[in-house]
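S.K.: Before I ask anything, let me first share the structure, which is written out below as structure tokens.
Residue numbers (this note's numbering): 1 to 96.
So this is what it looks like as structure tokens:
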């Protein structure tokens, strides 16, 4: 009988831990990424928030950064050049 009571307690404990983990996953906000492109002297400044590999494509050239949270990077670009910003492969900003 003692073994059965111990098994029930273990099962209840495991179930409580699983429920707590599921509640924490549902309650946590999703990771969001955003970016903006600001033209200026010397190129464009790309700033925003996100975590992962940030790729700035200016014309045909790619510049890769690793970001973790807020970021601001100056990338050389001629006025009117097409600029695209990708974070982990997803486009988060573009300029004509």
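Heads up, the beta-carbon is just placed ideally off N, CA and C, and yes, glycines get one too.
Cβ of residue 83 within 9 Å of Cβ of residue 55?
M.R.: For residue 83 and residue 55, no; Cβs fall outside 9 Å.
S.K.: Over the uninterrupted beta strand (DSSP E) stretch that includes residue 62, give me the two end residues.
M.R.: Element bounds for residue 62: 61-75.
S.K.: Where does residue 40 land, buried or exposed, given buried means 16+ other C-beta within 10 angstroms?
M.R.: Classification for residue 40: exposed.
S.K.: How would you call residue 86, buried or exposed, if buried means at least 16 neighbouring beta carbons within 10 angstroms?
M.R.: By the 10 Å Cβ count, residue 86 comes out buried.
S.K.: If we count the other Cβ atoms within 10 Å of its Cβ and call it buried at 16 or more, is residue 48 buried or exposed?
M.R.: Buried, because 16 or more other Cβ atoms sit within 10 Å of the Cβ of residue 48.
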